[in-house]
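Written out below as C-alpha cells is the structure these notes cover.
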Amino acid sequence: MKKLTVLFAILLFSSCAELQQIATQLPNGYGVSDSEIGSGLKQALQFGIDKEVSSLAREDGFFKNELVRIGLPPELQKVDKTLRDVGLDALADKGIKVLNRAAEDAVSEAIPVFVDAVKGISFTDARNILLGADNAATVYLSSRTEKELYARFNPIITNSLDKVGATQVWKSIIQKYNSLPITSNVNPDLPDYVTNQALDGVYVMIAQEERDIRNSISARTTDLLRKVFALQDN
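With mature numbering (1 follows the signal peptide of the UniProt record, and there is no 0) applied, the sequence shown corresponds to residues -19 to -1, 1 to 215, in that order.
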C-alpha cells in the first residue's frame, strides 16, 4: 500500500510538471509572463508614438489627415460660411490651414511626455490594458498625459499662431466678417480651441495604431507583439 501511494505521488507530480510544460507552450498567449506582457504593450505604444505622433508633427500632418484635420470652432463656422458666400474662399481656406500649422508645431512636445507615461506602466496595468477594450492603452495614456500635454501645447500653439501668421489672418477674417451688415461680432479663444483639437488628434492616431495591432496579426511586426497580443485574441 505504501509503495502504491509513493508511486501515485510520483505519477501525480510528473503529470503536473508535464501539464505545466504543455501550458507554457500553448498558442494564443498561454504561458506569457507579466514581464513579457508589459514589454509587449510598451513596445506597441512606442510604435504608435513613433509612427503616428511623429507623423502629426510634420508639415500637413494635421492639415492633410482627414481623421484629425482641425476645422473651425463652432463660433467661427458661420464666419467661414459667410466668407464663402461672398466669394472669399481663399481667405477662409487660409484661416483653416494656419490652425493646423499651429497644432503641427506643438505635437513634438508630446513624445517625451508619452515616453515617460509608457515607462510608468505596471505589470498589473499592462495585463488589464492588454485584455481591455480596443483603445484601453490610449485611454490609459490620455488619463496620465492630458493635463501635462495641454500645459505644454498651449503656449507653443499660442506662439505658433503668431509665427505662422494666424493672428493676423484671423484678425483680418474677423474684421472682414464683423464689418458685414448681416453679422454679429465673434471673438473665440483660438489657442484653447486649437490646443484641445490637437490633443484629440494625437489620441485618435495612437488609438488607430492600437486597434491595428490588436485586430490585425500582420500589424504585429515583432515576435514579442505576436506572442503578447495573441493573449487578447482568445
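Beta carbons are placed, not taken as given, at the ideal position from N, Cα and C, and that holds for glycine.
(message) Assuming contact is defined by CB atoms lying nearer than 9 Å, are Gly182 and Leu48 in contact in what I supplied?
(response) yes
(request) Return the chain-ordered list of same chain residues with a C-beta closer than 7 Å to the C-beta of Val150, the five sequence neighbours on each side being excluded. (result) Lys75, Gly76, Val79
(message) Cutting at 7 Å between CB atoms, please list the residues of its own chain near Asn81, excluding the five before and the five after it.
(response) Phe43, Phe44, Arg50, Ile51
(message) Three Cβ pairs or more, each shorter than 8 Å: is that satisfied between the stretch 119 to 127 and the stretch 55 to 72?
(response) no
(message) Can you tell me where the alpha helix (DSSP H) holding Pro93 begins and where it ends?
(response) 91 to 100
(message) Using only CA atoms, which one of Ser36, Val96, Ala71 lies nearest to Ala179?
(response) Ser36
(message) Let me confirm a value: Pro172 is counted as buried when at least 16 other C-beta atoms fall within 10 Å, else exposed. Which label applies?
(response) buried
(message) Residues in the same chain with beta-carbon distance under 8 Å from Glu17, minus the five sequence neighbours each way, listed in chain order, please.
(response) Leu205, Lys208, Val209
(request) Rank Ala132, Val99, Thr105, Arg108 by C-alpha distance to the C-alpha of Glu90 and give the top, closest one. (result) Ala132
(message) For Asp86 and Pro93, I'd like the C-alpha separation in whole angstroms.
(response) 15 Å
(request) Output the distance between the C-alpha atoms of Leu72 and Pro162, rounded to the nearest integer angstrom. (result) 19 Å
(message) Please classify Ile110 as buried or exposed, where buried requires at least 16 neighbouring CB atoms within 10 angstroms.
(response) buried
(request) May I have the straight-line CA-CA distance separating Ala107 from Ile187, to the nearest angstrom? (result) 16 Å
(request) Throw me the rounded Cβ distance for the Phe134 and Thr176 pair, which I believe falls under 8 Å. (result) 5 Å
(request) Give me the Cα-Cα distance between Lys100 and Asn116, rounded to the nearest whole angstrom. (result) 18 Å
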